[in-house]
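Engineer: Heads up: the protein sequence lines correspond to chains A and B, in order.
According to the numbering used here, the first sequence holds residues 1 to 260 in order.
According to the numbering used here, the second sequence holds residues 261 to 546 in order.
All C-beta atoms in this analysis are idealised placements derived from N, C-alpha and C, irrespective of residue type, glycine included.
This one's a predicted model, so the numbers in the text were calculated from it and none came from an experiment.
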Amino acid sequence: MTDFTPNEMMTIAASRELSNDDVCFVGIGAPSAACNVARLTHAPDITLIYESGTVGTKPDVLPLSIGDGELCDTALFTVSVPEMFRYWLQGGRITTGFLGGAQIDKFANLNTTVVGPYDHPKVRLPGGGGAPEIASNCGRIFITMALSKRGFVEKLPFITSMGHGEGGDHRERLGMKTKGPTRIITDLCILEPDPVTKELTVVSIHHGVTRDQIVDNCGWPIKFAGEVIETPVPTEIELATLRDINARTKKAHQGNKEAA
Amino acid sequence: MAKIVSLAEAIGDNVRDGDTVAMEGFTHLIPYAAGHEVIRQGRKDLFLVRMTPDILYDQLIGVGAARGMKFSWGGNPGVGSLHRFRDAVENQWPRPLEIEEHSHAAMANAYEAGAANLPFAMLRGYIGADLPKVNASIKQITCPFTSEVLAAVPAIRPDVTIIHAQRADRKGNVLIEGIVGVQKEAVLAAKRSIITVEEIVDELAPPSPNSVVLPTWAVTAVSQVPGGAFPSYAHGYYPRSNAFYIGWDEIARDRESFTAWIKENVLDAGPEDFARHAGRKPAKAA
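1. May I ask which residues mark the beginning and end of the beta strand (DSSP E) holding Cys-237(B)?
2. Report the residue from Thr-160(A), Pro-195(A) and Arg-183(A) whose alpha carbon sits nearest the alpha carbon of Ser-204(A).
3. If the criterion is Cβ atoms closer than 9 angstroms, does the pair Ile-439(B) and Pro-291(B) meet it?
4. If we count the other Cβ atoms within 10 Å of its Cβ and call it buried at 16 or more, is Arg-173(A) buried or exposed?
5. Name the DSSP beta bridge partners of Arg-140(A), please?
6. Give the residues of chain B in contact with Pro-126(A), contact being defined as C-beta atoms less than 8 angstroms apart.
7. Using beta carbons (cut-off 9 angstroms, strictly below), is Ala-503(B) in contact with chain A?
8. Within the 9 angstroms Cβ cut-off, does Leu-464(B) reach chain A?
9. Starting from Ser-204(A), trace the beta strand (DSSP E) in both directions and tell me its first and last residue.
10. May I ask you to report which of helix, strand or coil DSSP gives Ala-247(A)?
11. Does the beta carbon of Leu-48(A) sit closer than 9 angstroms to a beta carbon anywhere in chain B?
12. Applying the 10 Å Cβ sphere with the 16-neighbour rule, what's the burial state of Tyr-386(B)?
13. In chain order, what residues of the same chain have a beta carbon less than 8 angstroms from the beta carbon of Ile-299(B), not counting five sequence neighbours either side?
14. Who are the Cβ neighbours of Pro-126(A) in its own chain at under 7 angstroms, not counting the five residues just before and after it?
15. Measuring only between beta-carbons, confirm whether Phe-85(A) sits less than 9 angstroms from chain B.
16. Using beta-carbon positions only, say whether Glu-458(B) and Arg-427(B) come within less than 9 angstroms of one another.
17. Go ahead and label Gly-175(A) buried or exposed: buried means 16 or more other beta carbons lie within 10 angstroms of its beta carbon, across all protein chains shown.
18. With Ser-32(A) and Val-26(A) assumed to form a contact (beta carbons below 8 angstroms), what rounded beta-carbon distance in angstroms separates them?
19. At what residues does the beta strand (DSSP E) containing Arg-452(B) begin and finish?
20. Residues of chain A with a CB under 8 angstroms from the CB of Pro-499(B): which are they?
21. Which residue marks the beginning of the beta strand (DSSP E) containing Gln-426(B), and which one marks its end?
22. Quick one: which chain D residues come within Cβ less than 7 angstroms of Glu-133(A)?
23. Keeping to the same chain, check which residues put their C-beta closer than 7 angstroms to that of Phe-518(B); ignore five residues upstream and five downstream.
24. Tell me which same chain residues have a C-beta within less than 6 angstroms of the C-beta of Asp-419(B), skipping the five on either side of it?
25. Please report whether the beta-carbon of Tyr-371(B) lies at a distance below 9 angstroms from any beta-carbon of chain A.
26. Can you round the beta-carbon distance between Ile-141(A) and Pro-181(A) to whole angstroms, since I take them to be within the 8 angstroms contact cut?
27. Of the residues Ile-264(B), Ala-282(B) and Gly-441(B), which one's Cα is nearest the Cα of Val-309(B)?
28. Could you please give the first and the last residue of the uninterrupted alpha helix (DSSP H) stretch that includes Phe-504(B)?
29. Give me the subset of the region 377 to 403 of chain B whose CB atoms are less than 9 angstroms from a CB atom of chain A, sorted by chain position.
30. By Cβ distance below 6 angstroms, which residues in the same chain neighbour Pro-232(A) in space, the five residues on each side in sequence not counted?
31. Counting along the chain, where does the beta strand (DSSP E) carrying Lys-330(B) start and finish?
32. Nearest chain B C-beta to Gly-175(A) closer than 9 angstroms, yes or no?
33. Counting contacts by CB-CB distance shorter than 9 angstroms, is Ile-611(B) in contact with chain A?
34. Is Glu-549(B) near Gly-334(B), with beta carbons less than 9 angstroms apart?
35. Note down the Cα distance separating Val-473(B) from Val-482(B), rounded to an integer number of angstroms.
36. For Ala-375(B) and Ala-365(B), I'd like the C-alpha separation in whole angstroms.
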C-alpha cells in the first residue's frame, strides 16, 4: 500500500462524497481540493461553482482566492455576485455545499466569525461570507475539517452558519426544507448526524486510526455508530491526482514577491 | 457625463472626509491605485463598505483612515487574517473601528436595492445564525402574500463608489469583463462614482453585445491608471499576484513593518508606479 498523510486521506475521502450529478458550491481550501480531485477522477462532469460567480469551472491549479482568473477562464459562464446568490443559490439550483470552518459543534453548526465575545473578541476571524446562506439553501452540506480539540468544541462562541441548530427537528421548525450537514469528513474519521437527535456520530474510521485518537482529539464526548467501517485507503490514481494538483498549485502561487 | 481626469483630481473632487465609500472588486479588479490615492490625500473618518475587504482595506484601516466598516468577509483570501483589521478590532489600533457585519447574500442584495432606489433588500437569509443578534440593521419582514418571515437589510447607498475596469472610451463609457462581482450595482447605488481603467481607447469595442458597460452618464469620473488593480488583476491584461497576497501576511503582521511599507509604496509613490504591473494590451482593444 502507498503511504499517505492524514490530510491526503481527508481530501480524498471528501472527494468521494461527490458525484457527476452534483452541482456544488465550493469553499476555498480543503473543499476546493476535494471538489477538484473528484472532477479529475470519478466525477468528470460535476458542476463546480465558486461564489465569485464562476459556474462549471475546471481549474488546472487550485485557486488561492475564490476569484482567481483561472476560475473564470475555465468556467462555462460567469455571473455577477448578486445573481449568484439570488438566482442560483437562493433559487435552489445547487445540490451540495462544501464548507470548512474554524470551529464546529456536535450539531454541525459552524463558527468563522469570532472567538470570545463579539464586541471584544479574543480572535477576530474573517466572518461568514457566503456560508450563512450556503448552509441553508444548498440541498445538503458536506463539511471538511481536521479533527482537533480547538476546532471541534462543545459550545460555539458564535454561530456563523447553522447546521442542525439544537438538534432534532430544529431545521424544520425554522422552516428550512434542505437537509443541512449530512457528512463531516475529518483527517481521522467520517461523521454523520444521528437520524433522530442529529448529534454527529463516527461512522467510518480511516486506516491506522484508533478510537482513542478520535476521542482525544474531539472537544466533546464523541459518539460512535453501532456499526463503524474502515474508510477505504486512497487509490494510487486518487493520490497521484491530488499530489499533481497540489504541486501545480504550489508552483503557480509562488513567483516574484514584487511590491506595488 | 463622466469627466476624464487624473486620479488625484478624481479623488480630490469626489471623496470627502466622513464619506461612506465603497471600493468594490470581488477578488478581481480591486481599485488599489485609487485606494492609495485616498491614503495619500489624507482622507479621514471614512465609513468603508465592501463585501470582501482584503489587503486594500487592511491598508486603509492600518493608516487610520476608517472610522467604520460594513462587510461580509474580511480576510486575506487563501492566506489567513487581515492583521491591521484584527489589530483595530481586537486592540483599537490605530483607532477603534465600528463594524457592521453581514453575509455575502445580504450585501449583494443590499447593493441591488441601492441601485434599484429601494429602501431595503430582503432575502431568505441568516436562518439560525447569530449575526442578527449583534447587528441591529438585520431585521425581519413578513411576506404579505405567504406570511413567510424573511430577513431585511437596509439598501447600501454610498456617497462614492470606486472601482477599476478594463477600459473606457473617450466619452467615458466603461467596459468590465471577467468576474464582474458587484461593481455595476455598487456604482449605480452611489451618489458619485470614480472608475479607474487600464486604458482609454477611441472605440470601446465590446467583445460581445452583452458585455457589462457602464454608460458615461451613469459615472462621475474616469481616470486612466494602467496596472491600477495590482496586486489583484485585470482579466485580459495581467494576472493576480498570489505571491504578493502571500507576502503581505508578514508585512502586515507588525505595526512597524506595515507603516514602513505604506511610506515607501504609498505615501512616497504615485499612481504612475502601478504602470509597471500593467502587462500587455489585449488584442481586441482598438
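Structural biologist: On the basis of the supplied data:
1. No answer is possible for residue 237(B): it lies beyond the span of chain B, which begins at 261 and ends at 546.
2. Within the first sequence, numbered from 1, the residue matching residue 204(A) stands at position 204. The shortest Cα separation from Ser-204(A) among Thr-160(A), Pro-195(A) and Arg-183(A) belongs to Arg-183(A).
3. Indexing the second sequence from 1 puts residue 439(B) at position 179. Indexing the second sequence from 1 puts residue 291(B) at position 31. For Ile-439(B) and Pro-291(B), no; Cβs fall outside 9 angstroms.
4. If you number the first sequence from 1, residue 173(A) lands on position 173. Burial check for Arg-173(A): the Cβ neighbour count within 10 Å stays below 16, so the residue is exposed.
5. Here residue 140(A) refers to the residue found at position 140 when the first sequence is read from its first residue. Paired residues: Thr-96(A).
6. For the purposes of this step, residue 126(A) is taken as residue 126 along the first sequence, with counting starting at 1. What Pro-126(A) touches in chain B: Trp-333, Gly-334, Gly-335, Ser-341 and Leu-342.
7. Numbered from its first residue, the second sequence carries residue 503(B) at position 243. Yes, because at least one Cβ of chain A sits closer than 9 angstroms to the Cβ of Ala-503(B).
8. In the second sequence, residue 464(B) corresponds to position 204, counting from 1. Chain A has no Cβ within less than 9 angstroms of the Cβ of Leu-464(B).
9. In the first sequence, counting from the first residue as 1, residue 204(A) sits at position 204. According to the DSSP assignment, Ser-204(A) belongs to the beta strand (DSSP E) that extends over 200 to 206.
10. Counted from its first residue, the first sequence places residue 247(A) at position 247. Helix at Ala-247(A).
11. What you label residue 48(A) is simply residue 48 of the first sequence in a count that begins at 1. So, not an interface residue.
12. Here residue 386(B) refers to the residue found at position 126 when the second sequence is read from its first residue. Counting Cβ neighbours within 10 Å, Tyr-386(B) comes out buried, since at least 16 surround it.
13. Within the second sequence, the letter at position 39 stands for residue 299(B). Excluding positions up to five away in sequence, the list reads Gln-319, Leu-320, Val-323, Ala-325, Ile-522, Val-526 and Leu-527.
14. Against the first sequence, residue 126(A) aligns to sequence position 126. Shown here for Pro-126(A): same chain residues with a beta carbon closer than 7 angstroms to its own, the five before and five after excluded, namely Thr-112 in chain order.
15. The count along the first sequence starts at 1 and reaches residue 85(A) at position 85. Phe-85(A) counts as touching chain B.
16. As a position in the second sequence, residue 458(B) is number 198, starting the count at 1. As a position in the second sequence, residue 427(B) is number 167, starting the count at 1. Yes.
17. Start at 1 with the first residue of the first sequence, and residue 175(A) comes out as number 175. The residue in question, Gly-175(A), is exposed, as its Cβ has fewer than 16 Cβ neighbours within 10 Å.
18. For the purposes of this step, residue 32(A) is identified with residue 32 of the first sequence, where counting begins at 1. For the purposes of this step, residue 26(A) is identified with residue 26 of the first sequence, where counting begins at 1. About 5 angstroms separates the beta carbon of Ser-32(A) from that of Val-26(A), a gap short enough to meet the 8 angstroms contact definition.
19. Your numbering for residue 452(B) matches position 192 in the second sequence. That run of the beta strand (DSSP E) goes 452 to 461.
20. Along the second sequence, read from residue 1 onward, the residue named residue 499(B) stands at position 239. What Pro-499(B) touches in chain A, judged by beta-carbon distance under 8 angstroms, is Gly-69, going in chain order.
21. Position 166 of the second sequence, counting from 1, holds the residue named residue 426(B). Bounds of the beta strand (DSSP E) holding Gln-426(B) are 420 to 429.
22. In summary, chain D is missing from the structure at hand, where the protein chains are A and B.
23. Looking up residue 518(B) in the second sequence gives position 258. Same-chain partners within the cutoff: Gly-322, Arg-344, Ile-511 and Ala-512.
24. Your numbering for residue 419(B) matches position 159 in the second sequence. Closer than 6 angstroms at Cβ, skipping near neighbours: Asp-279, Thr-280 and Lys-451.
25. Position 111 of the second sequence, counting from 1, holds the residue named residue 371(B). Interface residue, yes.
26. In the first sequence, residue 141(A) corresponds to position 141, counting from 1. In the first sequence, residue 181(A) corresponds to position 181, counting from 1. For Ile-141(A) against Pro-181(A), the beta-carbon gap comes to about 4 angstroms, under 8 angstroms, which counts as contact.
27. For the purposes of this step, residue 309(B) is taken as the residue at position 49 of the second sequence. Of the listed residues, the one whose Cα sits closest to Val-309(B) is Ala-282(B).
28. The sequence position of residue 504(B) within the second sequence is 244, counting from 1. 502 to 513 is the extent of the alpha helix (DSSP H) around Phe-504(B).
29. Residues of the region 377 to 403 of chain B with a Cβ closer than 9 angstroms to any Cβ of chain A, in chain order: Leu-383, Arg-384, Gly-385, Tyr-386, Ile-387, Gly-388, Ala-389, Asp-390, Leu-391, Lys-393 and Val-394.
30. For the purposes of this step, residue 232(A) is taken as residue 232 along the first sequence, with counting starting at 1. Within the same chain, no Cβ atom closer than 6 angstroms to the Cβ of Pro-232(A) is found once the five residues on either side in sequence are excluded.
31. The residue labelled residue 330(B) in the question sits at position 70 within the second sequence. Start and end: 326 to 331.
32. Within the first sequence, residue 175(A) is the residue found at index 175, counting from 1. Yes, its Cβ sits closer than 9 angstroms to a Cβ of chain B.
33. Nothing about residue 611(B) can be read from this structure; chain B reaches only from 261 to 546.
34. This structure cannot settle anything about residue 549(B), because the visible part of chain B is limited to 261 through 546.
35. Within the second sequence, numbered from 1, the residue matching residue 473(B) stands at position 213. Within the second sequence, numbered from 1, the residue matching residue 482(B) stands at position 222. Val-482(B) has its alpha-carbon roughly 13 angstroms from the corresponding atom of Val-473(B).
36. Taking the second sequence and counting its residues from 1, one reaches residue 375(B) at position 115. Taking the second sequence and counting its residues from 1, one reaches residue 365(B) at position 105. Approximately 16 angstroms between the Cα atoms of the pair.
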